[in-house]
Amino acid sequence: MFRLSLAAFLFSVLFLFSTSSFAQDGNDFHVIHVQTFKMHGIMGDDAEAFNESLTRQAGVINGDSRVLRSYVLRHFWGADSRDLVIVSEFENSENLFSFYNDLDGLFEKAFSKEQLDKDDELWGKYVGQHSDEIYRVVSDTRK
Numbered sequence: 040m041f042r043l044s045l046a047a048f049l050f051s052v053l054f055l056f057s058t059s060s061f062a063q064d065g066n067d068f069h070v071i072h073v074q075t076f077k078m079h080g081i082m083g084d085d086a087e088a089f090n091e092s093l094t095r096q097a098g099v100i101n102g103d104s105r106v107l108r109s110y111v112l113r114h115f116w117g118a119d120s121r122d123l124v125i126v127s128e129f130e131n132s133e134n135l136f137s138f139y140n141d142l143d144g145l146f147e148k149a150f151s152k153e154q155l156d157k158d159d160e161l162w163g164k165y166v167g168q169h170s171d172e173i174y175r176v177v178s179d180t181r182k
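Per my numbering, the sequence shown runs over residues 40 to 182.
Structure follows, in structure tokens:
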């Protein structure tokens, strides 16, 4: 029985101090959420309205204390000009997930239903497939 207890204790200590255990601790590093969207094509007369909707949404996102930084990026140079990228940095994964759980409510509080419907219509008209990736910042590599 003593050996079993000792083995369980040593296994617990090993787990607690292993790197994989630390990697799951959201307080050790910042997390970056990268969303990459493909635009359907060239925008029409409502391109300015689409860009204004991005600016309004960015105002809500950047106004939340859980978001350390957030950027909306449009294609500048290269072979495929359809990319729309949103990059958001959080102190930890808990802040990231709680923020996205609350995001719809934040938009509903900030905008009228009519505005949300117009923005959704523009989004559906121009934005296609997307991918989501969550990265962690490698310690001691930030400027």
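For each residue, glycine too, the CB sits at the ideal point set by N, CA and C.
Helix, strand or coil, according to DSSP, for residue i in the structure here?
i, result
"R113", "strand"
"K182", "coil"
Could you spell out where the alpha helix (DSSP H) holding residue i opens and where it closes?
i, result
"E160", "K152 to Y165"
"G98", "A86 to N101"
Who are the near neighbours of residue i in its chain, counting only those whose CB is closer than 8 Å to its CB and skipping five residues on each side?
i, result
"F146", "Q96, V99 and L155"
"S137", "R105"
From the options, pick the residue whose C-alpha is nearest to that of residue i; which is it?
i, options, result
"G80", "Y165, T94, E91 and N134", "Y165"
"D119", "I173, D179, E172 and F76", "F76"
"Y174", "N140, E87, L135 and F89", "L135"
Under 6 Å Cβ to Cβ from residue i, same chain only, skipping five residues before and after it: list those, please.
i, result
"V126", "V73 and Y110"
Considering only DSSP beta bridges, list what residue i is partnered with.
i, result
"E172", "V73"
"R108", "E128"
"L123", "F76 and R113"
Using C-beta distances below 7 Å, list every residue in its chain close to residue i, excluding the 5 sequence neighbours before and after it, in chain order.
i, result
"G65", "With a pLDDT of only 43 at G65, under 50, the local geometry of the prediction cannot be trusted, and the value read off the model is given with reservation. Only N131, S132 and E133 meet the Cβ criterion."
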